[in-house]
Amino acid sequence: MQSLLSLARLMATFYLTCLVFIFLKYIREELMIVLRTSSSEAALPRMIARMESLGAGARTVGLAIPTG
């Protein structure tokens with residue numbers, strides 16, 4: 000039973016890592032703008048539009064993106 004639990008934890012970690020990399024690929028352009036300008040202000044409007052296109056609510060994006 001312990002080995003199955005370890006395997007399940009490994010699989011969950013793998014899938015979570017895959018989701019993170021997919022998300023990073025989706026917002027790659029905005030991350031590059033932030034790294035090049037040393038400021039997130041230039042990428043903020045594009046990032047809000049991307050998150051809303053993914054289905055996040057406008058109120059949620061308006062709160063999470065500027066504070067993140």
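Everything in the sequence shown is counted per numbering that gives the first Met the number 0, starting at 0 for the first residue and increasing by one. Ideal Cβ placement from N, Cα and C applies to all residues, glycine included.
Exercise for the section: Note down the Cα distance separating Ile32 from Met46, rounded to an integer number of angstroms. Expected result: Taking the sequence shown and counting its residues from 1, one reaches residue 32 at position 33. Taking the sequence shown and counting its residues from 1, one reaches residue 46 at position 47. Cα to Cα, Ile32 sits roughly 11 Å from Met46.
Practice task
Would you decide whether Glu28 is buried or exposed? Buried here means 16 or more other CB atoms lie within 10 Å of its CB.
Solution key: Start at 1 with the first residue of the sequence shown, and residue 28 comes out as number 29. Answer is exposed; the Cβ neighbour count stays below 16.
Handout entry: Continuous alpha helix (DSSP H) stretch holding Met31: start and end
Key = Taking the first residue of the sequence shown as position 1, residue 31 is located at position 32. That run of the alpha helix (DSSP H) goes 27-36.
Exercise for the section: Work out the CA separation of Gln1 and Thr59 for me, nearest whole Å. Expected result: Reading the sequence shown from its first residue, position 60 is the one you call residue 59. Reading the sequence shown from its first residue, position 2 is the one you call residue 1. Per the coordinates, the alpha-carbon of Thr59 lies some 39 Å from the alpha-carbon of Gln1.
Problem - Cα-Cα separation between Met6 and Thr12, rounded to whole angstroms - result: Your numbering for residue 6 matches position 7 in the sequence shown. Your numbering for residue 12 matches position 13 in the sequence shown. The sequence given here has Leu at residue 6, not Met. Whole-angstrom Cα-Cα distance: 10 Å.
Practice task
Determine the direct distance from the alpha carbon of Ala42 to that of Pro65, and round the result to whole angstroms.
Solution key: Residue numbering aside, residue 65 sits at position 66 when the sequence shown is read from its first letter. Residue numbering aside, residue 42 sits at position 43 when the sequence shown is read from its first letter. Near 11 Å, if we compare the C-alpha coordinates of Ala42 and Pro65.
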